[in-house]
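Residue numbering for the sequence shown follows this note's numbering, beginning at 79 and increasing consecutively. Glycine included, C-beta positions come from ideal geometry on N, C-alpha and C.
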Amino acid sequence: MNLYNTLTKKIEKFIPNNGNEVKLYTCGPTVYHYAHIGNLRTYISEDILEKSLKYLGYNVKRVMNITDVGHLSSDADTGEDKMLKGAKREKKTVLEIAEYYTNCFKEDCNKLNIKWPETVIPATSQIDEYIKFIEKLIEKGYAYLSEGNVYFDTSRLNDYYKLTNHNEEELISGVRDTVEEDTNKKNKTDFVLWFTKSKFEDQELKWDSPWGLGYPGWHIECSCISLKYLGNKLDIHCGGVDNIFPHHTNEIAQTESYLGDKWCNYWFHTEHLNDATGKMSKSKGEFLTVSLLESKGYNPLAYRLFCLQSHYRKQLVFTYESLDIAGNAYNKLISRINSLKQDKSMIDKEVYEKYNNNFKEALSDDLNTSNALTVLYDVLKADTNNSTKLALISSFDKVLSLNLIKKEEEIDDDLLKYITDSIEKRKNAKINKDYELADSIRKELLDKGIILKDTREGTTFEVIK
Ligand code: AMP
Ligand code: ZN
């Protein structure tokens, strides 16, 4: 598989540290508000990355954090904690806000067929890890205490900017919401590892530490959670492009100083989704969420298709017109697939291999999802039987996750129990020669869109839409 690596600024052959095992870390959401569809674009492409790696035969161990403390309004460690802002806005506690918006995020992921990572860790659950980590950085001379806060000393590193291409001034001013400067820092780029002092003394969650009652900085959670759950050698670290600086730059600085060794080989970043007015934001006017799209009648999977139609490293502009186009394409695609009646023919292995290889090639080409979709359309047009087409489409959907094939198991358990109980009752009615009851059961099911078919092997059913 070839992947673009932000660290080397090149497309590279992906080679995991340990054979077939891939250790993948994803920066999770800051749960102070709903995720906007821009955030979810990043999670869709990370989902495609995980599923593609699995499709290509790797075992993937994936960990994600949930930021429920320490992410201040400006990424440059100034302003109020975003969580506290959310709590004040809704007159709730920080923990209530965190729980509510974590669940909302989970629901959004579910609607977009984004797989929930096996290991998801809230930042507030790992305070002891951060304290141990910071103690070691101080011991090694990479961190210092100044006016109550512990800072990372970036002047200790020669290659602090290795993840970025930009110049220092540009980067620093890019993350500053206000011009206020933290005068306690030795260097402009130094960042907070542990706060005991900030202008916002009403910080709700605070913990005891060797430096006083306080709370962790934002970057530390990802380093410590990744080290704890994935070990000292990480294969891929993901996030949106805004995470490159300062968040991922600072993660590398502190983790490699802590380890005294290289930490992560591949850095995977998804470009932003913007709206027509520019940057997508949670505070600006109508705030684009999955629920908002649903309330306007859109299928969330049309949005997933919209994202897959373009490359994750290209900026994408969201408009309702383009979502309409993706929605129409989605409906057409599903109806074309639905019209393929399963035939009794054997799968044509040669054809299957050919298209499956094309699909794998598209994924291996730095996750070229638009080419992967082209292969799907090629299958629909291919000169082969329906069994082969349906087998390929079903296999591709393990990665695309567009619900391309309506599966039997999609009938919910209660409905299935009702149908099988009714079939049993009707069978007994017939044995007892109560044909009136048998007919009424058949009719009752038909009224609910369930057709019974009596075959020599017994009664089967079909659910019609
Ligand atoms: P946050 O909840 O702010 O911590 O962001 C969650 C994820 O969404 C991070 O990986 C961000 O880099 C990413 N992100 C933020 N804004 C956008 C956007 N407009 N388009 C795509 N990804 C974004
Ligand atoms: Zn992170």
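Cβ distance (whole Å) where residue i is taken to contact residue j below 8 Å
| i | j | result |
| --- | --- | --- |
| Met628 | Ser465 | Because the chain in this structure spans residues 79 to 543, residue 628 falls outside the shown range and cannot be described. |
| His326 | Trp345 | 7 Å |
| Phe437 | Gln332 | That pair is no contact at about 40 Å. |
| Lys275 | Asn227 | 6 Å |
| Tyr381 | Thr348 | Not confirmed; about 15 Å, so no contact. |
| Leu451 | Leu394 | With a Cβ gap of about 15 Å, Leu451 and Leu394 do not count as contacting. |
| Thr537 | Ile501 | 5 Å |
| Gly292 | Lys284 | 6 Å |
| Ile126 | Thr447 | 6 Å |
| His111 | Tyr179 | 6 Å |
| Ser130 | Leu445 | 6 Å |
Nearest-angstrom Cα separation, counted from residue j out to residue i
| i | j | result |
| --- | --- | --- |
| His315 | Tyr103 | 5 Å |
| Asn181 | Gly317 | 20 Å |
| Lys166 | Pro107 | 19 Å |
| Asn449 | Tyr430 | 17 Å |
| Tyr82 | Asn321 | 16 Å |
| Asp339 | Gly290 | 30 Å |
| Val257 | Lys360 | Annotation note: pLDDT 46 at Val257 (below 50); position unreliable, no value reported. |
| Ile175 | Leu150 | 16 Å |
| Asn143 | Cys300 | 7 Å |
| Lys264 | Lys306 | 30 Å |
| Lys484 | Leu468 | 11 Å |
| Tyr513 | Lys495 | 22 Å |
| Tyr239 | Gly405 | 42 Å |
| Gly527 | Pro195 | 37 Å |
| Lys169 | Leu470 | 51 Å |
| Ile122 | Arg414 | 24 Å |
| Phe273 | Asp260 | 12 Å |
| Leu173 | Arg520 | 52 Å |
| Lys531 | Thr498 | 13 Å |
| Ile403 | Asp456 | 20 Å |
Cβ-heavy atom distance, residue i to the ligand ZN, below 7 Å
| i | result |
| --- | --- |
| Asn328 | no |
| Gly317 | yes |
| His111 | no |
| Asn236 | no |
| His389 | no |
| His325 | yes |
| Cys105 | yes |
| Asn143 | yes |
Segment limits, beta strand (DSSP E) that includes residue i
| i | result |
| --- | --- |
| Glu99 | Glu99 to Thr104 |
| Ile425 | Per DSSP, Ile425 belongs to no beta strand (DSSP E) and is neither H nor E. |
| His347 | Cys342 to Thr348 |
| Thr447 | From DSSP, Thr447 is part of no beta strand (DSSP E) but of the alpha helix (DSSP H) over Thr447 to Lys459. |
| Phe273 | Phe269 to Phe273 |
| Asp125 | From DSSP, Asp125 is part of no beta strand (DSSP E) but of the alpha helix (DSSP H) over Ile115 to Tyr133. |
| Pro200 | Thr197 to Pro200 |
| His315 | Leu312 to Gly318 |
Cβ pair residue i, residue j closer than 8 Å
| i | j | result |
| --- | --- | --- |
| Leu454 | Val477 | no |
| Asn343 | Asp313 | yes |
| Ile199 | Val141 | yes |
| Asp146 | Ala221 | no |
| Val100 | Tyr133 | no |
| Leu241 | Leu85 | yes |
| Ile303 | Leu271 | no |
| Glu540 | Ile529 | yes |
| Leu370 | Tyr408 | no |
| Asn547 | Glu225 | Outside the displayed range of the chain (79 to 543) lies residue 547, so it cannot be described from this structure. |
| Leu235 | Leu379 | no |
| Ile115 | Phe396 | yes |
| Phe211 | Val109 | no |
| Trp282 | Leu458 | Checking the displayed sequence, the identity of residue 282 turns out to be Glu instead of Trp. Against a cut-off of 8 Å, the Cβ pair of Leu458 and Glu282 comes out as no contact. |
| Leu337 | Asn310 | yes |
Heavy atom of the ligand AMP within 7 Å of residue i beta-carbon
| i | result |
| --- | --- |
| Pro200 | no |
| Asp186 | no |
| Cys300 | no |
| Asn416 | no |
| Met358 | yes |
| Leu150 | no |
| His350 | yes |
| Asn321 | yes |
| Gly292 | no |
| Gly116 | yes |
| Arg119 | yes |
| Thr367 | no |
| Thr261 | no |
| Thr267 | no |
| Thr180 | no |
| Thr84 | no |
| Thr108 | yes |
Proximity test, residue i beta-carbon vs the ligand ADP heavy atom, cut-off 7 Å
| i | result |
| --- | --- |
| Ala450 | Among the ligands in the structure shown, the ligand ADP does not appear; only the ligand AMP and the ligand ZN can be found there. |
First and last residue of the uninterrupted alpha helix (DSSP H) at residue i
| i | result |
| --- | --- |
| Lys184 | Val172 to Lys189 |
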